[in-house]
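The structure appears right after this line, and notes come after that.
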Amino acid sequence: MIDVPPAWSGGIDDLVLEANRWLSVLLPEDRAQRPKDAVNPRLVRHYTTQGLLPAAGREGRDARYTRLHLLSLLALRRLMADGLSGKVLYAALRDRSEAELENLAVQGSASVQGLAFEEDREAVKDDAMSYLRRLKDETIPGRRSNYGVVGAVPPPPAPAAIPAVGEIRPQSRLPAKRNAPRKVFRAVLRPGLEVLVGENFRYPSTEEEWDRLFAELRVSFVDMQSS
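If you read the sequence shown in full-length UniProt numbering, its first letter stands for residue 1, the second for the next number, and so on.
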């Protein structure tokens, strides 16, 4: 388990240092040493603003963090590494004791139980799946949606060669093979947020692949926000 004294406390830099030390042990092996998975003060403040971490205490003008904040941060990052996001994270972290947060940080999403949580998780997946299916429907003739299709202009046909004097032109000629234009599907999810999906994108086919895609999107957004 996580060997942190019950009376542990510190400033935001202390919290970040201690959290990164434990994350290198708690995160799955394929992610534990990735720089993008390290936390920083800006991320801590962002998570607090979003309600994913409890607000810090105050000691004069300085923010003070306790063992509860540390365990909450470790549990949050472990669940994110397991592919949880959005409402799912709120449901998993809400009203947890220190012992429960410690268990989440160590066991990850496998330790989360409860019908309400599962329903929230499925709702998030259904929303994302519906969106991606709408994008895919753009390729079916006769279907219309609110999402635009950006198509590349096909290359112009090669000019016909002028026959030399005395040359006999054949009666018919097969047209030169043209490169098919590539389609890019564009969706505006929110003001300032657009998604481009190429026609060669391979849509997830299993729950594990969906979880991995959502986790990658979540990490990318967090990285952009903290950069």
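Don't be surprised by glycine CBs; every beta carbon is placed ideally from N, CA and C.
The model shown is predicted, which means the values in this text are computed figures rather than measured ones.
The stretch 85-94 and the stretch 55-67 do not touch, with fewer than 3 CB-CB distances between them shorter than 8 Å. Cβ-Cβ distances below 8 Å link Leu-89 to Leu-52, Leu-76, Leu-79 and Met-80 in the same chain, with the five nearest sequence neighbours on each side left out; the list follows chain order. Taking the C-beta atoms as reference points, Leu-23 is found no nearer than 9 Å to Leu-71. Contact between Arg-67 and Glu-98 holds: their C-beta atoms lie close to 6 Å from each other, under 8 Å.
Leu-196 is bridged by DSSP to Arg-186. Assignment of Arg-64 by DSSP, reduced to helix, strand and coil, places it in the strand class.
Excluding the 5 residues flanking it on each side, Gly-57 has same chain C-beta neighbours closer than 6 Å at Arg-64, in chain order. Within a 10 Å sphere around the beta-carbon of Thr-48 sit 16 or more other beta-carbons, which makes this residue buried. With contacts defined by Cβ atoms closer than 9 Å, Val-222 and Leu-43 form a contacting pair. In the DSSP assignment, Arg-58 falls outside any alpha helix (DSSP H) and lies within the beta strand (DSSP E) extending over 57-59. Looking at the backbone, the Cα of Leu-193 and that of Arg-186 are separated by about 11 Å. The continuous alpha helix (DSSP H) containing Leu-104 extends over residues 98-107. A residue is called buried when at least 16 other Cβ atoms come within 10 angstroms of its Cβ; Ala-19 meets this threshold and is buried. Following the DSSP letters along the chain, one finds Trp-8 in no alpha helix (DSSP H), marked with neither H nor E.
Around the Cβ of Ala-105, a 10 Å sphere holds 16 or more other Cβ atoms; the residue is buried.
Excluding the 5 residues flanking it on each side, Leu-15 has same chain C-beta neighbours closer than 8 Å at Val-44, Tyr-65, His-69, Leu-70 and Leu-73, in chain order.
Straight across, the Cα-Cα distance linking Glu-216 with Ile-2 is about 27 Å.
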